[in-house]
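Residue numbers (my numbering), protein chains in the order written: chain A, 1 to 347; chain B, 1 to 347. No residue lacks a Cβ here, since even glycine has one placed at the ideal position from N, Cα and C. This one's a predicted model, so the numbers in the text were calculated from it and none came from an experiment. Have a look at the structure below, then the notes.
2 protein chains.
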Amino acid sequence: MTRPSSPKASTRSSGGPTIIDVAREAGVSYTTVSRVINNKHNVRSDKRERVLRAMQRLGYVVNQHARMLAGGRSQMIGLLVQDLGTAYISEIVRGIETALDTTSYDLLLYTTHRRPFRETSYLMQMSNGIVDGLLLVSPYRESLPIVRQRPIPHVVIDFNDETQESASVSATNWQGAYEATSYLIGLGHRRIACVTGLPGIVSSDRRVEGYCAALEAAGIPIDPQLICVGDFEFQGGVRAGEQLLRLDTLPTAIFACNDVSALGVIDALQAHHIRIPEEVSVIGFDDIPSSAYAHPRLTTIRQPLFDIGRTAMELLLDMISGEELTAKQIELATSLVVRDSCQPPFS
Amino acid sequence: MTRPSSPKASTRSSGGPTIIDVAREAGVSYTTVSRVINNKHNVRSDKRERVLRAMQRLGYVVNQHARMLAGGRSQMIGLLVQDLGTAYISEIVRGIETALDTTSYDLLLYTTHRRPFRETSYLMQMSNGIVDGLLLVSPYRESLPIVRQRPIPHVVIDFNDETQESASVSATNWQGAYEATSYLIGLGHRRIACVTGLPGIVSSDRRVEGYCAALEAAGIPIDPQLICVGDFEFQGGVRAGEQLLRLDTLPTAIFACNDVSALGVIDALQAHHIRIPEEVSVIGFDDIPSSAYAHPRLTTIRQPLFDIGRTAMELLLDMISGEELTAKQIELATSLVVRDSCQPPFS
DNA sequence: AAAATCAATGTGAACGTTTGCAAAACGAAT
DNA sequence: ATTCGTTTTGCAAACGTTCACATTGATTTT
């Protein structure tokens, strides 16, 4: 029985040429080929040339899986989102990709479709070393402990994290909501409703807090009847609108915690022939593309979604390469975008 | 020097517990653990139980990279798109994910940002066995030969492929454009402009063909002046609209080859105080969410994007599992969605 | 001219799985 | 009891890389 020594012949099954084939073609050892692939400095330029040409000729491309197994780095970033189908997340992902553009990392995409169970199981998978880093967009609360107990670099997006244990990037949700509400107050409104997201979603909670704070600062008492629980979806906005319509008197203005539900509220009110903004003003949050096309064009609080994605990715890349991290909790400023859906109250 | 025998001790570096740790914990061989993981039938139920419990206790999760290297299957599907930021693609991806939901495959995402060069290099990467199958959304013509010369299952979306060499799923682009144009003709229009996508994009070309065919069928001569080259983007639509405005007489109707450019055309015309649809009717193609919120609400040809994505993924999964394929070229029917942006011509 | 230094190259052993093959265990049939 | 099929189990060898270490060859220092 022969000793099973190092890498043997190749050209076996389906896969393309391997490092060994290239080595044979170029007349060098496979280690040298590996060095060329990884741009190590210590290889003579004529040999490097030979290897490069051999790779060309054979159409060689490295096997990431083998590379990962041997080297411990997969060159993949795991991206966990609830759903890609929303303009909101698309824009963040766009930013993420931009930051990734200059690197050789790939994105491994996980979509949880709002099922916490899936999120947990994905997270266990990924944190096992299948990816080099993890980007969590609007994760569930329960998910964070899982990823924290493993030693994997990760950045959380859109989740103002009070424990400060994970790196995070998000918009100034509280301040944005405060500004939106103050803007309505400044126009003269006093009866201002709020359409929330699902309770427990951190960004939603923060915005509701900002809304309340602005009212209090203006000396307006908070009316629980005017706070309608939505779900960040169009239908939730519609339901909230209908709920408001059942009140004895309508509010004169509505702050919706995101644009999609603002659109839903508007739809519900207009269906009952209420004119926006003449009878009721509506302001949203996010500034998704549809807001600009809506009728009336939606006044809203703009989140720098693209920048949030880009910043988060850059932060993660820094963490992966082991750089010093000055600010682990980053908040990016929101801004008021005035369009046509708000005006002073009629009365 | 000792003989280097099979798998050794473990609990080395960063990674979590391995198959070997589980085996030790359960008091069986690692092969048995592997069998349990892969649901092989030939393992006694009491041992299976023991292994399962050991896996639970240790928090074991399989290393996909090692699995791939050894077994040749990665449980990953490569998804190549130009850009995730468009509602158009989001909806397709949503369908893809739905089909993937019941399987254990993951999505490896590649975004080319409209750079053919990137697309080629990605394709070489992926077809090397890093993924088990490939989904190409609106690829460049040059990309297909690359992926065809490797033996990897792949499905092309939104690319009516005349060579019929690759499996494909797309909408009935020609018929949809024919229907849109015929609808305008039916309303009484005779001077009908067309805003195209970039030449060479197959779906765009097909739609232009359908437009021309409908005109011819109605005995209306094709006026080259009325065919404006766009780029499937908002700005392209704006430019096309401005081009049309420079004509001696405006057309009475415009067929835009996608909704985004229809929105751009409308924007350009409205900026010049042209009323839609009173002075000019506009019809789009796609039925993206914004179309319903636009002002006026956009009449358009609806593509079943979700179904396209889902069907493509199902087809690919069938191909991967080696099932017989009856129809490799699938076309899904479009439908006319009548809203408010078209009416009979004024004159 | 020998010794010491340094860069360039090669060797062998991982990395965590799957899998072909052979050994062992177990019943059933003789 | 012995033989003969079945399962059930385990060993060893891949899979295609990276990396620590040993070796070689070239260049400088003494």
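List the endpoints of the continuous alpha helix (DSSP H) containing residue i.
i, result
"D307(A)", "L305 to I320"
"A193(B)", "It is not in any alpha helix (DSSP H) - A193(B) instead sits in the beta strand (DSSP E) that spans I192 to T196."
"H154(B)", "Run containing H154(B): none in the alpha helix (DSSP H); it sits in the beta strand (DSSP E), H154 to I157."
"E142(A)", "Note, E142(A): premise wrong, no alpha helix (DSSP H); not H, not E."
"L215(A)", "V202 to A217"
"D21(A)", "I19 to A26"
"Q149(A)", "That residue, Q149(A), is in no alpha helix (DSSP H); it is neither H nor E in DSSP."
"E119(B)", "P116 to Q125"
"S261(B)", "D259 to A271"
"L187(A)", "N173 to L187"
So residue i contacts chain B; which residues on that side make the cut at Cβ distance below 7 Å?
i, result
"R275(A)", "The contacting residues do not exist; R275(A) stays about 15 Å from chain B at best."
"T111(A)", "E97"
"P289(A)", "S290"
"A426(A)", "Here chain A has residues from 1 to 347 only, and residue 426(A) is not among them."
"M348(A)", "The structure shown does not extend to residue 348(A), since chain A spans only 1 to 347, so no value can be given for it."
"Q125(A)", "V61"
Within a Cβ cutoff of 7 Å, which residues of the same chain sit near residue i, ignoring the five residues on either side of it in sequence?
i, result
"S13(B)", "Reliability fails at S13(B), whose pLDDT of 44 lies under 50, so the model's placement of it is uncertain and the value that follows must be treated cautiously. None."
"K74(B)", "Residue identity differs from the one stated: residue 74(B) is Ser in this sequence, not Lys. For S74(B), where only same-chain residues beyond five positions count, the Cβ hits under 7 Å are Q64, M68, I130, V131 and D132."
"S104(A)", "Q75"
Mind pulling the chain A residues with CB within less than 9 Å of residue i?
i, result
"P139(B)", "Under the 9 Å cutoff, chain A gives no residues; its nearest Cβ is about 18 Å from P139(B)."
"N39(B)", "Within chain A, no residue comes near N39(B); the closest Cβ sits about 17 Å away, beyond 9 Å."
"I19(B)", "The contacting residues do not exist; I19(B) stays about 12 Å from chain A at best."
Restricting to Cα atoms, I'd like to know which of the options is closest to residue i.
i, options, result
"G219(B)", "A256(B), Q225(B) and T181(B)", "T181(B)"
"R150(A)", "V61(B), R339(B) and Q270(B)", "V61(B)"
"L100(A)", "D340(A), E314(A), G322(A) and I330(A)", "E314(A)"
"F285(B)", "T299(B), T102(B), P224(B) and A268(B)", "T299(B)"
"C342(A)", "Q64(A), G236(A), E119(A) and A256(A)", "A256(A)"
"P221(B)", "I283(B), Y211(B), V229(B) and E162(B)", "Y211(B)"
"H189(A)", "A253(A), E323(A) and L136(A)", "A253(A)"
"L226(A)", "L250(A), G237(A) and A213(A)", "L250(A)"
"G241(B)", "R207(B), D205(B) and T196(B)", "T196(B)"
"V169(A)", "F159(A), I152(A), R246(A) and V43(A)", "F159(A)"
"L263(B)", "Q175(A), L245(A) and S290(A)", "S290(A)"
"I358(B)", "R207(B), G15(B) and R94(B)", "This structure gives no information on residue 358(B), because the portion of chain B shown stretches from 1 to 347."
"G72(A)", "R48(B), P199(B) and G15(B)", "G15(B)"
Counting only Cβ pairs nearer than 9 Å, list the residues of chain B close to residue i.
i, result
"H295(A)", "Y293, A294, H295, P296 and R297"
"E91(A)", "G85"
If the cut is a Cβ gap below 8 Å, which residues of chain A does residue i touch?
i, result
"L108(B)", "M76, D106, L107, L108 and L109"
"G133(B)", "Simply none; closest approach about 13 Å."
"R94(B)", "D83, L84 and G85"
"L263(B)", "Y293"
"N63(B)", "L69, N128, G129 and I130"
"G16(B)", "N128, G129 and R150"
Looking at the ligand ZN, does it come within less than 7 Å of residue i, judged from the CB to the closest heavy atom?
i, result
"V229(A)", "No copy of the ligand ZN occurs in the structure displayed, which carries no ligand at all."
Within a Cβ cutoff of 6 Å, which residues of the same chain sit near residue i, ignoring the five residues on either side of it in sequence?
i, result
"I266(A)", "I276 and V282"
"T172(B)", "E331, A333 and T334"
"M1(B)", "With a pLDDT of 33 at M1(B), under the threshold of 50, the predicted position of this residue should be treated as unreliable, and no value is reported."
"L184(B)", "I192 and A253"
"Q303(A)", "A171, D286 and T334"
"L187(B)", "P344"
"T136(A)", "Here residue 136(A) turns out to be Leu, not Thr, going by the sequence shown. Cβ neighbours of L136(A) beyond the five flanking positions: L80 and V156."
Let's see if you can read the secondary structure: which residues bound the beta strand (DSSP E) around residue i?
i, result
"M76(A)", "M76 to V81"
"V337(A)", "S335 to V337"
"Q243(A)", "Run containing Q243(A): none in the beta strand (DSSP E); it sits in the alpha helix (DSSP H), F234 to L245."
"D286(B)", "S281 to D286"
"T31(B)", "It is not in any beta strand (DSSP E) - T31(B) instead sits in the alpha helix (DSSP H) that spans Y30 to I37."
"Q329(B)", "Q329 to L332"
"P100(B)", "Residue 100(B) is actually Leu in this sequence, not Pro. Counting along the chain, L100(B) falls outside any beta strand (DSSP E), though it belongs to the alpha helix (DSSP H) covering A87 to L100."
"L107(B)", "D106 to T111"
"R302(A)", "T299 to R302"
"V43(B)", "Note, V43(B): premise wrong, no beta strand (DSSP E); not H, not E."
"A253(A)", "A253 to A256"
Determine the chain A residues that contact residue i at a beta-carbon separation under 7 Å, and present them in chain order.
i, result
"A240(B)", "The contacting residues do not exist; A240(B) stays about 18 Å from chain A at best."
To which residues of the same chain is residue i closer than 8 Å at the C-beta, ignoring the five residues directly before and after it?
i, result
"V238(A)", "G264, V265, D267 and A268"
Exercise for the section: Indicate whether the contact test is met: 3 or more Cβ pairs, each with one atom in the region 259 to 275 of chain B and one in the region 130 to 143 of chain B, closer than 8 Å. Expected result: When Cβ pairs closer than 8 Å are counted between the two stretches, the region 259 to 275 of chain B is seen not to touch the region 130 to 143 of chain B, the count staying below three.
Practice task
Give a yes or no on contact between the region 306 to 313 of chain A and the region 110 to 128 of chain A, applying the rule of three or more CB pairs nearer than 8 Å.
Solution key: They do not touch, by the three-pair rule.
Problem - Stretch-stretch touch, CB-based, cutoff 8 Å, three pairs: the region 175 to 189 of chain B with the region 318 to 337 of chain B - result: Output reads yes: the region 318 to 337 of chain B touches the region 175 to 189 of chain B.
Exercise for the section: Assess, as a yes-or-no matter, whether the region 18 to 26 of chain B is touched by the region 77 to 97 of chain A under the definition of 3 or more beta carbon pairs within less than 8 Å. Expected result: Touching, no.
Exercise for the section: Give a yes or no on contact between the region 63 to 79 of chain B and the region 104 to 117 of chain B, applying the rule of three or more CB pairs nearer than 8 Å. Expected result: As far as the Cβ criterion goes, the region 63 to 79 of chain B touches the region 104 to 117 of chain B, which means the pair count is three or higher.
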